[in-house]
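Residue numbers (this note's numbering), protein chains in the order written: chain A, 2 to 437; chain B, 591 to 894. Yeah, the Cβ is synthetic: ideal placement off N, Cα and C, and Gly gets one too. Remember, predicted model here, so these are calculated numbers, not experimental data. See structure below.
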Amino acid sequence: MSLARTRRPVLGAALKDAGLAALVAAGLFLPMVGLRTDVGPTGALFLRTRWTDVLLLMAIVFAGRFLLRFWQEWRAERHGPSVQKRLAGPLSRSGRFVAPVLLLFALLLPAIPGIGRYELDLGILVLTYVMLGWGLNIVVGLAGLLDLGYVAFYAVGAYSYALLAQYFGLSFWICLPLAGLLAAFWGILLGFPVLRLRGDYLAIVTLGFGEIIRLVLLNWVSLTGGPNGISGIPRPSFFGLAFTAGGGPGSFADFFGLEPSPTHRVVFLYYLILALALLTNWVTLRLRRQPLGRAWEAMREDEIACRSLGINITTTKLTAFALGAMFGGFAGAFFATRQAFISPESFTFIESAIILAIVVLGGLGSQLGVAIAALVLIGGFEVFRDLQEWRMLVFGAAMVLIMIWKPRGLVGSRNPTVALGEKRTISAAMVAEGRG
Amino acid sequence: MAYALQQLINGVSLGMIYGLIAIGYTMVYGIIGMINFAHGDIFMVGAFLSLIGLLLITSGGMLDGTAAIILVLALSMVFTALYGWTVERVAYRPLRGSFRLAPLISAIGMSIVLQNYVQVAQGARVKPIEPVVQGGFTLMRDGSFAVQLSTMQILIITTTLAILAIFTWLVTRTPLGRAMRACEQDRRMASLLGIDTDRTISVTFVIGASLAAVAGTMYLLRYGVIDFYIGFLVGVKAFTAAVLGGIGSLPGAVLGGLLIGLIETFWSAYFSVQYKDVAAFSILILTLVFMPTGLLGRAEVEKV
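In structure tokens, the structure reads:
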């Protein structure tokens, strides 16, 4: 009844608002979309008009804005709990089962019938990003240090293995810890100068650091091969048994009496990255229960309070950088051995942004959230492979929308690491207030 | 000597472009304390809009020369300002009062959106144009080396100085400028005293974007080739300029821009072209680490 009385002014206001939005859209899209610059046959540019596209976009903006306004008014009138709040309960209850089910699925994936090489390759890709997300989660999610240059450590790990293998002929299993150590070393190297910086400035410095690493890799042609990259990086072996396509003595297939198949190596790589990712997760979960992990989370919430309680900010920050970087380095070494080819192309800023987006979408600190976000994002990228430019557009828009709609990520609730008496899950709304 | 003089001229004209963009960074940081990561891409949008304007005007054959350039500049400024306003309204305003990293993450998302939007709308290929402003003067001769001051460089320097003069007047002498400075000092107090802070912040973004559009037009006319990716690198360098000059300080932004332009030009001329971007990023890091207040900035006192 009250709906009927108030609907008319709401409708009018929403229509007016949507009309204004459509006008703004006209101003935005008229020159940029309506007039397309194309290179003509003579090499000179000419303009091609696309007025229908502009009209279409205006209509979309009008409808979108109208529906949004209408929905907001309608929801405000009902005074009911928001969708988020109603979903929070069941979501956190089901969260207990999601993690084991996902883990079981990941463990059994190669054995599921119908899973071929393509699916396994995709699985490896997703798990690489899960691992990178968990690594960055230590720095951003737990310690609260916004790192926009995480890909630098990934690059350090990848190039460490590639260069050590190329110049010294070291094997993957020796290089893997070395790559992690070197990346951790670079993490500390970056960590020292930025100890005093906070928030935005820290983010920009890490971005600069990441770009410097990439530019040096690109321009130091005599060592890294520059833009041509390094190819022929050796593949890992299974306790000394090589994965050769033709079988032969000393190969994996020969030792176990199997039919030689290229799938063996893919399955092996899949389990390798799964193990590495789970190691990252395990270390993070254990550390969260130790003084160091608690110090990270305390620092994230309030650095000054943390310092006044006698926590050493220097070691807390440096360990976060070093550990995050180390896992990035492991992932990098894995990336190098899987691709057998690396070049600076793979380590651009956009890669850092994707890893950061995974952590942000996953809810800054939630391990399960990061894994789901990686699955959704990287899986989505793969599904929309043909729409290269559009998918990045959607990706950027998603980052903005998540920040507006749910700033603490899709899986915003998490368990407190320490609690007095009964442990209760903290809902996303309270996490946003800094009680996580 | 002649070679150095030539580099000085090139460096100053490049630095003017950085300075114009740096003002946008510095104003936004001053007023709402966030790094507008998408500002470099607003500059790129400005360059594209002036390219479209230029083609529109010259293809009709209606205007030529100075009138055409002024019209292109005006068109680009108006439409880019609309982009600046929209970005603030859509991606930053809903985040006031959110946790401290939210606006920066949103800005990164917006930067990706703008880049890919322009790529989708205008294509990924580079856009070359014929030189519009030609000619110049030979200032001095040293053997076979002639020091050139091109008309384009004169245009960049004079336009930038004129825009800066108008802008300085706007900030120091008008009620609008007073409101902006009040918001910069204390936003809550300003709103208590009857200043519409949301509107003031919007105006800041509009001014920043139109200055970036001037920079975009100058960049297009000077280098004659643009693509959707130019915003990232130029944006980071302009941000470096803003930090070097002291973030929040307007003369500092211009000074920082000039310094970055000169350093980049001299570095390329005397050391190596490949590592010129490394030099810019290194300056950024060194400034932030050792001199976070920059050359002309105020020291920030942290209150608990």
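Of the candidates B:R771, B:A752, B:Q743 and B:V868, B:V868 places its Cα closest to the Cα of R215 of chain A. Sequence-distant Cβ neighbours of P693 of chain B in its own chain, meaning closer than 6 Å and more than five residues away, are M624, Y682 and L685.
At the C-beta level, G136 of chain A and T281 of chain A come within 7 Å of one another. If you ignore the 5 residues before and after L286 of chain A, its C-beta comes within less than 8 Å of the C-beta of Q368, all in its own chain and listed in chain order. For the stretch 376 to 401 of chain A, residues whose beta-carbon sits nearer than 7 Å to a beta-carbon of chain B comprise E390, W391, M393, L394, F396, G397, A398, M400 and V401. Counting only runs of 4+ residues, the alpha helix (DSSP H) found wholly inside the stretch 316 to 391 of chain A occupies 350 to 363 and 368 to 384, in chain order.
Nearest to I873 of chain B by alpha-carbon distance, out of B:G887, B:T656 and B:E854, is B:E854. Its chain contains V722, V723 and M742 as the residues whose beta carbon lies nearer than 7 Å to that of L811 of chain B, once the 5 sequence neighbours on both sides are disregarded; these appear in chain order. Chain A has a Cβ within less than 7 Å of the Cβ of Q864 of chain B. Within a 10 Å sphere around the beta-carbon of S649 of chain B sit fewer than 16 other beta-carbons, which makes this residue exposed. Close CB contacts of S223 of chain A within its chain, under the 6 Å cut and outside five residues either way in sequence, are absent.
Following the DSSP letters along the chain, one finds R763 of chain B inside the alpha helix (DSSP H) bounded by residues T741 to R763.
For V40 of chain A, the uninterrupted beta strand (DSSP E) segment begins and ends at L36 to V40. Contact with chain B is found for E212 of chain A, since one of that chain's Cβ atoms lies less than 7 Å from the residue's Cβ. From the listed residues B:M700, B:M730, B:E774 and B:A752, the smallest Cα separation to A354 of chain A is found for B:M700. Boundaries around G609 of chain B are those of the alpha helix (DSSP H), A592 to I622, since no beta strand (DSSP E) includes it. The three-state secondary structure of Q738 of chain B, taken from DSSP, is strand. Counting C-beta pairs closer than 8 Å gives three or more between the stretch 222 to 240 of chain A and the stretch 336 to 351 of chain A, which meets the contact rule. Using a Cβ-Cβ cut-off of 7 Å, N626 of chain B does not count as an interface residue toward chain A, since no Cβ of chain A sits closer than that to its own. Interface with chain B (7 Å Cβ-Cβ cutoff): V34 of chain A is included. At a Cβ-Cβ threshold of 7 Å, I698 of chain B and F638 of chain B do not count as neighbours. Under the three-state reduction of DSSP, A243 of chain A is assigned to strand. Residue burial annotation: G806 of chain B is buried, with at least 16 other C-beta atoms found within 10 angstroms of its C-beta.
Annotation for G200 of chain A: no beta strand (DSSP E) segment contains it, though the alpha helix (DSSP H) segment containing it runs G200 to N220. Selection A:I205, A:S161, A:A204 and A:Y202 evaluated against W187 of chain A yields A:S161 as nearest (Cα-Cα). The C-alpha of F822 of chain B is placed about 17 Å away from the C-alpha of Q864 of chain B. Counting the other Cβ atoms within 10 Å of the Cβ of Q705 of chain B gives 16 or more, which makes it buried. T129 of chain A and T315 of chain A have their C-alpha atoms spaced approximately 30 Å apart. Taking CB atoms only, V618 of chain B has no neighbour in chain A less than 7 Å away. Cβ-Cβ separation between T245 of chain A and R118 of chain A: approximately 17 Å, too far for a contact (criterion under 8 Å). Sequence-distant Cβ neighbours of I622 of chain B in its own chain, meaning closer than 7 Å and more than five residues away, are I791. At a beta-carbon threshold of 7 Å, the residues of chain A lying near I698 of chain B are A354 and M400, ordered along the chain. Identification of chain A residues near K827 of chain B by a Cβ-Cβ cut-off of 7 Å yields none; the smallest Cβ-Cβ distance measures about 11 Å.
For A180 of chain A, same chain residues with a beta-carbon under 7 Å away, outside a window of 5 residues either side, are G158, S161, Y162, G330, F331, G333 and A334 in chain order.
In the three-state reduction of the DSSP assignment, S839 of chain B falls in the coil class, being assigned neither a helical nor a strand state.
The beta carbon of P194 of chain A falls within 7 Å of a beta carbon belonging to chain B, placing the residue at that interface.
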